[in-house]
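**Student:** Please find one structure pasted underneath; my questions will follow.
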Amino acid sequence: MSDNRNTILAVILSGLVLIAWQYFYNVPQMEKQREAQKQAELLKPSPQATPGAAPGAAPGASTTPSPAPGKPAADAPVASRETVLAAGPRIKIDTPRVIGSIALKGARIDDLSLVQFRETVDPKSPAIVLLSPSGTAEPYYAEFLWLTANGASVKTPDAETVWQQEGSNDLSPSTPVVLKYENGQGLTFRRTISIDDRYLFSIKDEVINQGSAPVTLYPFGLISRGGKPPVSGYAILHEGLIGYLGEHGLQEYTYKNIDDSKIPTGEDSRGVKFDNVTNAWLGITDKYWATALLPDTNATLQTARLTNDSASDPRAKRYRADYMLGAQTIPIGGTGVANARLFAGAKEAATVGLNFPLVGFGGYNKQLGLNHFDLLIDWGHFYFITKPMFLALDWFYRLVGNFGIAILLVTVIVKLLFFPLANKSYASMAKMKSVQPQLQALKERYPDDRVKQQQEMMEIYKKEKINPIAGCLPVALQIPVFFSLYKVLFITIEMRHAPFFGWIKDLSAPDPTNLFNLFGLIPFDPIALLGPHFGAYLVMGIWPIIMGITMWVQMKLNPAPPDPTQKIIFDWMPLIFTFMLAGFPAGLVIYWAWNNTLSVLQQSFIMRKNGVKVELFDNLKSTFAKKPT
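Take any residue in the sequence shown, count from 1 to its spot, add 41: that is its number in my numbering.
As structure tokens, then:
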């Protein structure tokens, strides 16, 4: 009766684990993916207008008055991206990696698309749009200003200022652009903007004082993002505001953290503020993309803020990362100079930088002498595992040209590294299989005395030098590898849209096939028909099935546990893991299937070496054999 109760309990618990996993992991993930696809469809540019174009003012186009610099009006009408881009003169940005434009009105960098990255695996799908101008549904831009002291009457350029263009008409890695503005009070503002062949803008601001009195100005830089963007919502990834602020170290705040903050940081703003910071950078990060302000590393920031500037009006919700340098007093006939840099692009490890002993990529982190800029990529608290995993995968990818093959090769390397420990484990398991007849005899000798069975069993284990929990070691060794690979697949842009072979076009996404519609032969979408909460249980790709089969085969290679409850759990484990991993990235499922296959081969070899018969095929045959009545 007790065994039956334990068996029923084990089955119920296994089912609850499966249901909980689907509900709290697979269902939210599928909902987010569907919502992201829906948003991508809504935001697709029309065929008549191309992101990044820099047309002149459109005849008859209406313009909307802008509020104070960097602060959109709460009741400002929302226009399409194409309409806003066509509403005023712009300077075209054209590089191998980014296209877009800079508005002459306000001199904002507010139109940027990443041409090497697409919304879907289809290379003809629209390019990723990173920055959009104010007045659109999702404004996101960078702005650089000169601020005056309170009460000063000096006129400085703001969001309404229309700059004059000098020199080159287009911004490219070989041709910087120069903008000019005269304030009518004897001050001439000159801005030189250059861009490299990746994602770095360099801004040199000069103020020439030809007036009748000295002026005091404060260089100021900001990144502004309107509205609350969708996030993946997983604890292993930070999305939101970020910065490495000198001695304060890494600062990460989600949008919710900033929303919930009660700390005032300025007029109508809440968030965090740091004073007198040196060697700092700050910005806003998404899963794969980011924007960051990169002041000179030796400059002291009088203030650095990560804020939500809509504390009193949620309709104008606007997240900002900004800094202000110390005052510059420009004498009559003198010139003030301020340098700024902006990163706006993909978080590629080779571009951002990756610090790791002996190996790694320099990128901007080393090139510009930045302070831990590699932390723009969320390697996590276990970076000492995730960074080596990425470096190994990247090295093999450069060798073979396929991240899927790289995963298979790294798995082999990991198996070789853990070979001695795994051998001890498998050798103990082989000995355990050899004593199965003795254990069966104990059950027959003491059928009603489980305590005596356990005592005699432990004596046999002691005599034969068997560790009964040794079989857990191979699984335990997989946990850090599994986690690090999952983290790398989830956070690194190098894995995004990385194909394997056949139907796997994106190793960072789940297997797109489904057993329950006969892998596409039946026009049946379980999620559309049953909803995400129930349809998620009817999603099972080919690779998760392969993984489940390899895990089941590996289980059959081992001796059955003497305890009936344990046996039931082990029998159900492959099926539970198959459903659990169905929603995981395909690269992770491929790793697990390949690792199981290598484990079966390794374990079979060890068993033969220890004189134990490999009864895999006999065990498989007995599974399907008709049980005696």
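Beta carbons are placed, not taken as given, at the ideal position from N, Cα and C, and that holds for glycine.
Kindly indicate which three-state DSSP category Gly628 falls into: helix, strand or coil?
**Tutor:** It is helical.
**Student:** Nearest to Tyr275 by CA position, among His289, Leu548, Thr295, Leu263, is which residue?
**Tutor:** When only C-alpha atoms are compared, the closest one is Thr295.
**Student:** Any contact between the stretch 340-354 and the stretch 314-327? By contact I mean 3 or more CB pairs, one from each, below 8 Å.
**Tutor:** The stretch 340-354 is in contact with the stretch 314-327.
**Student:** Let's see if you can read the secondary structure: which residues bound the alpha helix (DSSP H) around Glu123?
**Tutor:** Run containing Glu123: 122-126, per the alpha helix (DSSP H) assignment.
**Student:** If you run the structure through DSSP and keep just helix, strand and coil, what is Asn250?
**Tutor:** It is a strand residue.
**Student:** Just to confirm, is the Cβ distance from His279 to Asp415 under 8 Å?
**Tutor:** Not in contact: His279 and Asp415 (Cβ atoms no closer than 8 Å).
**Student:** With distances taken Cα to Cα, identify the nearest neighbour of Leu548 among Gly624, Lys504, Thr591.
**Tutor:** When only C-alpha atoms are compared, the closest one is Gly624.
**Student:** Are there three or more Cβ pairs, one per stretch, closer than 8 Å when the stretch 623-642 is compared with the stretch 438-451?
**Tutor:** Short answer: they touch.
**Student:** Expressed to the nearest angstrom, what Euclidean distance is found between the alpha-carbon atoms of Asn396 and Arg131?
**Tutor:** Each residue's alpha carbon lies about 38 Å from the other.
**Student:** Phe431 lies in the alpha helix (DSSP H); which residues open and close that run?
**Tutor:** Looking at the DSSP string, the run of the alpha helix (DSSP H) that includes Phe431 is 424-441.
**Student:** In whole angstroms, what is the alpha-carbon distance linking Lys388 and Lys528?
**Tutor:** Approximately 15 Å between the Cα atoms of the pair.
**Student:** Using a Cβ-Cβ cutoff of less than 6 Å, which residues in the same chain neighbour Ile169 once the five nearest sequence positions on both sides are dropped?
**Tutor:** The answer, listed in chain order, is Leu155, Phe158.
**Student:** Label Phe431 either buried or exposed according to how many other C-beta atoms from any shown protein chain fall within 10 Å of its C-beta, with 16 as the threshold for buried.
**Tutor:** When all chains shown are included, Phe431 counts as buried.
**Student:** By the DSSP assignment, the alpha helix (DSSP H) with Lys297 in it spans what residues?
**Tutor:** Looking at the DSSP string, the run of the alpha helix (DSSP H) that includes Lys297 is 296-301.
**Student:** Alpha carbon to alpha carbon, how far is Asp199 from Ala190? Give it in angstroms, no decimals.
**Tutor:** Their Cα atoms are separated by approximately 15 Å.
**Student:** Spatial neighbours of Arg382 within its chain, please: C-beta separation below 6 Å, excluding the five flanking residues on both sides.
**Tutor:** So the list reads Ser243, Leu335, once near-sequence residues are dropped.
**Student:** Tell me the rounded alpha-carbon separation between Met621 and Phe444.
**Tutor:** Approximately 23 Å, taken between the alpha carbons.
**Student:** Please report the distance separating the alpha-carbon of Ile371 from that of Ser302.
**Tutor:** About 38 Å.
**Student:** Whose C-alpha, out of Asp612, Asn558, Phe523, is nearest the C-alpha of Asn636?
**Tutor:** If we check each option's Cα against that of Asn636, Phe523 comes out closest.
**Student:** With a CB to CB cut of under 7 Å and the five nearest residues on each side skipped, what residues in its chain are close to Trp544?
**Tutor:** Contacts found: Pro553, Thr554.
**Student:** For a test of the three-state rule: what should DSSP assign to Leu409, helix, strand or coil?
**Tutor:** Residue state, collapsed to three classes: coil.
**Student:** So, do the stretch 199-209 and the stretch 251-262 have three or more beta carbon pairs nearer to each other than 8 Å?
**Tutor:** Touching, no.
**Student:** In whole angstroms, give me the CA-to-CA distance for Pro106 and Leu171.
**Tutor:** Low confidence applies here, because Pro106 scores a pLDDT of 30, under 50, leaving its location unreliable and the question unanswered by this model.
**Student:** Going by C-alpha distance, which of Phe425, Phe384, Leu417 is nearest Pro398?
**Tutor:** Of the candidates Phe425, Phe384, Leu417, the one whose C-alpha sits nearest the C-alpha of Pro398 is Phe425.
**Student:** Secondary structure at Phe185, three-state DSSP: helix, strand or coil?
**Tutor:** The answer is strand: DSSP assigns Phe185 an E or B state.
**Student:** Determine, using beta-carbon pairs with one atom in the stretch 206-215 and one in the stretch 226-246, whether at least three such pairs fall under 8 Å.
**Tutor:** Flag = yes, the stretch 206-215 and the stretch 226-246 touch.
**Student:** Going by Cα to Cα distance, which pick from Val256, Val594, Ala463, Gly312 is closest to Ala634?
**Tutor:** Residue Val594 is the option with its Cα nearest to Ala634.
**Student:** Given a cut-off of 8 Å on the beta-carbon distance, is the pair Leu417 and Ala362 in contact?
**Tutor:** For Leu417 and Ala362, no; Cβs fall outside 8 Å.
**Student:** Applying the 10 Å Cβ sphere with the 16-neighbour rule, what's the burial state of Met473?
**Tutor:** Buried: at least 16 other Cβ atoms inside 10 Å.
**Student:** For a quick check, are the C-beta atoms of Tyr360 and Leu282 less than 8 Å apart?
**Tutor:** Yes.
**Student:** Identify, in the order they occur along the chain, each residue of the same chain with its Cβ nearer than 6 Å to the Cβ of Val219, setting aside the five sequence neighbours on each side.
**Tutor:** For Val219, where only same-chain residues beyond five positions count, the Cβ hits under 6 Å are Glu207, Gly208, Thr233.
**Student:** Helix, strand or coil: which one does DSSP assign to Glu201?
**Tutor:** It is coil, neither helix nor strand.
**Student:** Leaving out five residues on either side along the sequence, give the residues of the same chain with a beta carbon under 7 Å from the beta carbon of Phe542.
**Tutor:** If we look at Phe542 and ignore the five residues flanking it on each side, its Cβ neighbours are Gly445.
**Student:** Could you have a look at Gln343 and say whether DSSP puts it in helix, strand or coil?
**Tutor:** Strand at Gln343.
**Student:** Could you tell me whether the Cβ atoms of Ala331 and Leu153 are closer together than 8 Å?
**Tutor:** Cβ distance not < 8 Å, so Ala331 and Leu153 don't count as in contact.
**Student:** Give the C-beta separation of Val248 and Trp187 to the nearest angstrom, bearing in mind that I take them to be a contact with Cβ-Cβ under 8 Å.
**Tutor:** Indeed they touch by this definition, with Cβ atoms about 6 Å apart.
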